[in-house]
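Below: one structure, written as structure tokens.
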Amino acid sequence: MAAATQPASGSPPAQGEHVAIQASDLDRSATFYREAFGLRQIRTPLANRRWFDLGHDFALHILDGRTAPKPSNINEHLAIHVDDLATVTRWLDAQRRPWTDLAGKARTMQTRFDGVRQIYTQDPDGYWLEVSDSRGVATKP
């Protein structure tokens, strides 16, 4: 096995901190992420953005001001892990929001090679989201 490499500076490898997206309607997007996935909002003093905790010191920053539609490419997506995927699909169905498997088959939940169940959906601005849970997957030792 190859030894782990470190940057030339000798500091530890980089870690993710946040991902930022731009919304056409800030409140609509914030409501979507809060209600669909139960994300906890993080306080920010800036009125033109909403921040959400994604766990493991990683955040979603939603910025106001989108004026053009987001190009649709399912392979460019944010992956979100939830405790119960069925709860999310019920919410999406109740809101009449479409969800698919990776191939685009409507209302189809797929299981990855490692046993993780997943779906794909889009937020109100067209950003693709992979939503997964790990029900039925053996606990790692």
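Under my numbering, the first residue of the sequence shown is numbered 1, with each subsequent residue one higher. Cβ atoms here follow ideal geometry from the backbone N, Cα and C, with glycine treated the same way. Note that the coordinates shown come from a computational prediction; the quantities given were computed from them, not determined experimentally.
Problem set entry | Coarse secondary structure for Y120, derived from DSSP in three states | strand
Exercise. Quick one: is Q22 near chain C, going by C-beta distance under 7 angstroms?
Worked result: No chain C is part of this structure, which consists of one protein chain only.
Exercise. With L63 and A23 assumed to form a contact (beta carbons below 8 angstroms), what rounded beta-carbon distance in angstroms separates them?
Worked result: 7 angstroms
Exercise. Assuming K70 contacts G126 under a Cβ cut-off of 8 angstroms, what Cβ separation, rounded to an integer in Å, is found between them?
Worked result: 4 angstroms
For this session: Provide the residue(s) that pair with W128 in DSSP beta bridges, ordered along the chain.
Result: H77 and Q122
Problem set entry | Beta-carbon contacts of R50 that lie in its chain and below 7 angstroms, excluding the five residues immediately before and after | L26, A30, Q41 and I62
For this session: Keeping to the same chain, check which residues put their C-beta closer than 6 angstroms to that of D101; ignore five residues upstream and five downstream.
Result: T108 and Q110
For this session: Would you identify the three-state DSSP class for A30, choosing helix, strand or coil?
Result: Note: A30 maps to helix in three-state DSSP.
Exercise. Beta-carbon separation of P124 and R28 under 7 angstroms?
Worked result: yes
Exercise. Around the C-beta of V113, are 16 or more other C-beta atoms found within 10 angstroms, so that it is buried, or is it exposed?
Worked result: Per the sequence presented here, residue 113 reads as Phe, with Val not at that position. With fewer than 16 other Cβ atoms within 10 Å, it is exposed.
Exercise. Anyone know if the C-beta pair for F52 and L46 falls short of 7 angstroms?
Worked result: Going by C-beta atoms, F52 is not nearer than 7 angstroms to L46.
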